[in-house]
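A.B. asks: Structure below; questions to follow.
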Amino acid sequence: MVTTRIETVAKACTSANVSGDYVYKIEPLGEKDAKKLFVSRVFGSNSKESLSVEFVHSASSSKELCCLKELMDSILKKCAGLPLAIVSIAGLLSSYRSSSSGSIRMWQRISNSIGSQMEIYPTLEEMKQIIALSYSHLPYHLKACMLYLSIFPEDYVIKKKRLLLRWIAEGFVIGKRGLTMFEVAESYYDELISRSLIDADRIRLDGAVKAVKVHDMMLEVIVSKSLEENYVSFVGAQYGGGTPSYDSVRRLAIHGDGAPKHVVDMMSATHVRSLCTFGRQGNIAVLDRLAEFTLLKVLDLEDCKEVKDCHVKYICRLFLLRFLSLRNTNVRTIPSQISRLKHLQTLNLYRTRIKKLPTSVTTLERLEYLFFSHRWWRRAWEIPLGLENMMALRTLRAIRLPNDPNVVKEIGALAQLQILEIIIDNSNEEVLTNLADALDNTNNLRSLYVSDGGKDKLKNKLLNFLLRLKTPPLLLESMMIGGGGMDELPKWFSSLVHLVKIETRLVSLTGDQLLGGLCELPNLASVYLGFGSCTDDELLVLSAFKFPALKLLCGPSHFAENYPI
1 MVTTRIETVA KACTSANVSG DYVYKIEPLG EKDAKKLFVS RVFGSNSKES
51 LSVEFVHSAS SSKELCCLKE LMDSILKKCA GLPLAIVSIA GLLSSYRSSS
101 SGSIRMWQRI SNSIGSQMEI YPTLEEMKQI IALSYSHLPY HLKACMLYLS
151 IFPEDYVIKK KRLLLRWIAE GFVIGKRGLT MFEVAESYYD ELISRSLIDA
201 DRIRLDGAVK AVKVHDMMLE VIVSKSLEEN YVSFVGAQYG GGTPSYDSVR
251 RLAIHGDGAP KHVVDMMSAT HVRSLCTFGR QGNIAVLDRL AEFTLLKVLD
301 LEDCKEVKDC HVKYICRLFL LRFLSLRNTN VRTIPSQISR LKHLQTLNLY
351 RTRIKKLPTS VTTLERLEYL FFSHRWWRRA WEIPLGLENM MALRTLRAIR
401 LPNDPNVVKE IGALAQLQIL EIIIDNSNEE VLTNLADALD NTNNLRSLYV
451 SDGGKDKLKN KLLNFLLRLK TPPLLLESMM IGGGGMDELP KWFSSLVHLV
501 KIETRLVSLT GDQLLGGLCE LPNLASVYLG FGSCTDDELL VLSAFKFPAL
551 KLLCGPSHFA ENYPI
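Structure, rendered in structure tokens:
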């Protein structure tokens with residue numbers, strides 16, 4: 001099956017078929033369905049009853065109700081039953097759903113802004129005008145965030161954390177009292193989704209959107225505006241971006257087969273604040289000039305297979321860097337000069353060939369997010385003394401406990417820590433006691449992953465240190481315990497009222513021990529019981545109905561098999 005907006009392409013795909021014309025033209029929405037889609041997007045409801053109630057409640061008088069209905073009918077008529085047009089306008093009006101005179105005037109302005117020709121002869125240009133309208137009514141801070149999405153290629157799945165951390169590094173996020181910068185960035189992200197400007201792509205069981213896409217027509221609009229405002233310059237893209245103003249490049253996005261050397265040679269690196277690549281090959285000309293990008297704040301080389309250790313040395317001269325991602329590259333070492341990057345907030349070394357990090361990393365006092373893992377998942381970074389200097393850390397992944405109790409104690413000094421992933425490979429009692437004490441002090445922890453990484457250590461009962469916690473992290477939302485023996489499920493588990501997801505692997509507990517404690521948790525939606533956790537499938541099925549909020553159960557007999565509840 002082929003989908004296209006161009007009729008000649010559709011006919012060309014069926015011209016060889018002698019049986020007849022197999023072009024199916026999708027009809028626009030009828031009046032009833034168009035209204036249902038519009039009202040559900042404006043008021044955020046899906047049931048027929050709640051739609052009518054919300055619409056009536058938005059008006060404080062019958063006169064205002066009539067006015068809103070007339071404006072809705074006018075807008076829908078101009079949208080001509082096209083779902084994308086309806087969703088775009090409804091997303092814009094979702095911020096003006098009250099019956100105040102200001103909101104009604106906004107509805108009137110939006111209605112007047114939609115070209116009257118749309119209802120007679122809807123064209124791509126008219127559609128783009130509607131989409132541009134929804135962009136132009138965004139607050140200033142959201143416009144910057146929305147334009148930033150033009151950097152990513154068409155149909156690209158944009159991971160939430162990657163996007164938000166880049167927004168923060170770019171300076172788009174305005175701090176609010178009582179909220180972290182990431183939480184403020186999340187509110188921007190959620191608002192763009194609620195306005196239907198970006199599409200949810202990966203949704204967690206608790207409803208959180210973990211990745212998004214930009215509709216191709218929306219992408220055309222924001223790319224056009226980005227080029228017009230010299231917001232982003234593209235190389236190797238389908239937008240004709242191979243001829244930007246090379247003397248004033250602010251953000252450089254390299255798509256496809258990369259940047260040819262003659263193009264890179266023409267380019268001035270002195271004004272570039274952000275550089276990202278999306279191709280695995282063809283970027284060597286840019287990589288060899290990295291040291292010249294002295295004002296760079298964001299460098300995202302994820303998946304770029306041409307990055308070498310010599311390029312990392314160039315990167316260590318970019319003193320203004322706030323965001324650095326070498327995720328899924330072939331980099332093998334990080335030099336001690338990484339300590340020069342005093343402004344670094346995010347360092348992503350996930351799935352590289354790096355085996356250890358230099359101790360100088362602990363001098364990066366502004367570093368908040370440290371992602372580290374070798375391509376072999378059991379490889380971890382043995383944390384050195386001095387970790388307590390990294391007071392800004394919020395994410396610390398794939399660390400290995402050393403045999404020094406004093407180093408382990410320093411974990412407890414990381415008051416901002418929210419995500420912690422630990423691999424335990426020694427049975428030093430003092431180390432394990434200090435680890436329990438450290439976890440008692442991590443009050444902001446949201447995700448905890450603890451494993452000793454080996455089936456052969458079940459008999460050592462290394463995970464028993466969890467039983468020693470006196471004041472466990474009560475804000476935990478996600479937890480994984482695995483690869484180690486344990487006498488019982490810690491009693492403090494019953495206090496984890498915010499826990500949404502848990503995973504166990506190779507934990508020496510019976511089905512009753514595990515399920516009996518977990519089924520009391522009020523918000524637990526996802527349970528993954530891996531090998532060695534529970535071998536009684538019948539008990540598993542019967543216990544599933546005891547969980548008040550369970551949506552997905554993954555059993556150990558077929559760990560890849562999901563049991564939706």
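Residues in the sequence shown are numbered from 1 upward in steps of one, following UniProt numbering.
Glycine included, C-beta positions come from ideal geometry on N, C-alpha and C.
1) I need the boundaries of the beta strand (DSSP E) containing I254, first residue and last residue.
2) Return helix, strand or coil for P548, following the three-state DSSP convention.
3) Anyone know if the C-beta pair for residue 620 and N426 falls short of 9 Å?
4) Evaluate V249 with the Cβ neighbour count: other Cβ atoms within 10 Å of its Cβ, from every protein chain shown; 16 or more gives buried, anything less gives exposed.
5) Between the beta-carbon of L344 and the beta-carbon of R327, is there less than 9 Å?
6) Excluding five sequence neighbours on each side, which residues of the same chain lie with their C-beta closer than 6 Å to the C-beta of Y449?
7) Quick check on H262: does DSSP put it in helix, strand or coil?
8) Does the contact criterion of 3 or more C-beta pairs under 8 Å hold for the region 223–231 versus the region 192–209?
9) Suppose the cutoff is 6 Å on Cβ atoms and the five residues either side in sequence are ignored; what does the same chain contact list for N428 look like?
10) To which residues does DSSP link K501 through a beta bridge?
11) Which one of G256, N523, K313 and K213 has the shortest CA to CA distance from K160?
12) For residue 567, list the residues DSSP reports as bridge partners.
13) Which of the three DSSP states, helix, strand or coil, is assigned to F493?
14) Helix, strand or coil for T14, going by three-state DSSP, please let me know.
15) What residues in its chain sit with their C-beta under 7 Å from that of T359, if we drop five residues either side in the sequence?
16) Look at the Cβ atom of M217, then the Cβ atom of I198, and state whether they are nearer than 9 Å.
17) Between L439 and P473, is the Cβ-Cβ spacing less than 9 Å?
18) Answer yes or no: do R340 and R317 have a C-beta to C-beta separation smaller than 9 Å?
19) Return yes when the Cβ of E302 is within less than 9 Å of the Cβ of S274, no when it is not.
20) Any idea what DSSP makes of Y189, helix, strand or coil?
21) Using a 10 Å radius around the Cβ and a threshold of 16 neighbouring Cβ atoms, would you call V157 buried or exposed?
22) Would you kindly check if the distance between the Cβ of L287 and the Cβ of C276 is under 9 Å?
23) When you compare only the Cα positions, how much space is there between L84 and K308?
24) If you follow the alpha helix (DSSP H) that I422 is in, where does it begin and where does it stop?
25) Would you mind working out which of V527, T180 and G517 sits nearest E503, comparing C-alpha positions?
26) May I ask which residues mark the beginning and end of the beta strand (DSSP E) holding residue 569?
27) I need the boundaries of the alpha helix (DSSP H) containing N434, first residue and last residue.
C.D. replies: According to the data block:
1) Stepping through the sequence shown from its first residue, residue 254 is reached at position 254. Note, I254: beta strand (DSSP E), R251 to I254.
2) On the sequence shown, position 548 is the one that residue 548 refers to. In the three-state reduction of the DSSP assignment, P548 falls in the coil class, being assigned neither a helical nor a strand state.
3) The first residue shown for the chain is 1 and the last is 565, placing residue 620 beyond what the model contains.
4) Position 249 of the sequence shown, counting from 1, holds the residue named residue 249. Buried: at least 16 other Cβ atoms inside 10 Å.
5) Indexing the sequence shown from 1 puts residue 344 at position 344. Indexing the sequence shown from 1 puts residue 327 at position 327. Taking 9 Å as the cut-off, the beta carbon of L344 is found no closer than this to the beta carbon of R327.
6) As a position in the sequence shown, residue 449 is number 449, starting the count at 1. Once the five neighbours on either side are set aside, the close Cβ partners of Y449 are E421 and M480.
7) Stepping through the sequence shown from its first residue, residue 262 is reached at position 262. H262: helix per DSSP, three-state reduction.
8) Output reads no: the region 192–209 does not touch the region 223–231.
9) Along the sequence shown, one-based indexing puts residue 428 at 428. Same-chain partners within the cutoff: N403.
10) Position 501 of the sequence shown, counted from the start, is the residue given in the question as residue 501. The partner list for K501 (beta bridge, DSSP) reads S478 and S526.
11) Locating residue 160 in the sequence shown gives position 160, counting from the first residue. Ranking G256, N523, K313 and K213 by Cα distance to K160 puts K213 first.
12) Absent from the model: residue 567. The displayed extent of the chain is 1 to 565, so no value can be given.
13) The residue given as residue 493 occupies position 493 in the sequence shown. F493: helix per DSSP, three-state reduction.
14) Within the sequence shown, residue 14 is the residue found at index 14, counting from 1. The answer is helix: DSSP assigns T14 an H, G or I state.
15) By one-based count along the sequence shown, residue 359 stands at place 359. P384 and G386.
16) Translated into positions along the sequence shown, residue 217 becomes position 217. Translated into positions along the sequence shown, residue 198 becomes position 198. With respect to I198, M217 sits apart: the two C-beta atoms are not nearer than 9 Å.
17) Taking the sequence shown and counting its residues from 1, the one referred to as residue 439 is at position 439. Taking the sequence shown and counting its residues from 1, the one referred to as residue 473 is at position 473. In this structure, the beta-carbon distance from L439 to P473 falls below 9 Å.
18) Indexing the sequence shown from 1 puts residue 340 at position 340. Indexing the sequence shown from 1 puts residue 317 at position 317. Yes, the Cβ-Cβ distance between R340 and R317 is below 9 Å.
19) Residue mapping note: residue 274 aligns to position 274 of the sequence shown, counting from 1. Residue mapping note: residue 302 aligns to position 302 of the sequence shown, counting from 1. No, these two residues do not count as a Cβ contact at 9 Å.
20) Within the sequence shown, residue 189 is the residue found at index 189, counting from 1. When DSSP states are grouped into helix, strand and coil, Y189 belongs to the helix group.
21) Along the sequence shown, read from residue 1 onward, the residue named residue 157 stands at position 157. V157 is exposed by the Cβ-count criterion.
22) Residue mapping note: residue 276 aligns to position 276 of the sequence shown, counting from 1. Residue mapping note: residue 287 aligns to position 287 of the sequence shown, counting from 1. Remark: C-beta atoms of C276 and L287 do not approach each other more closely than 9 Å.
23) Translated into positions along the sequence shown, residue 84 becomes position 84. Translated into positions along the sequence shown, residue 308 becomes position 308. When only Cα atoms are considered, L84 and K308 end up about 44 Å apart.
24) Reading the sequence shown from its first residue, position 422 is the one you call residue 422. First-last for I422: I419 to I423, but that is the beta strand (DSSP E), not the alpha helix (DSSP H).
25) Looking up residue 503 in the sequence shown gives position 503. With distances taken between Cα atoms, E503 lies closest to V527.
26) Shown here, the chain extends from 1 to 565; a query on residue 569 therefore has no answer.
27) Your numbering for residue 434 matches position 434 in the sequence shown. Start and end: E429 to D440.
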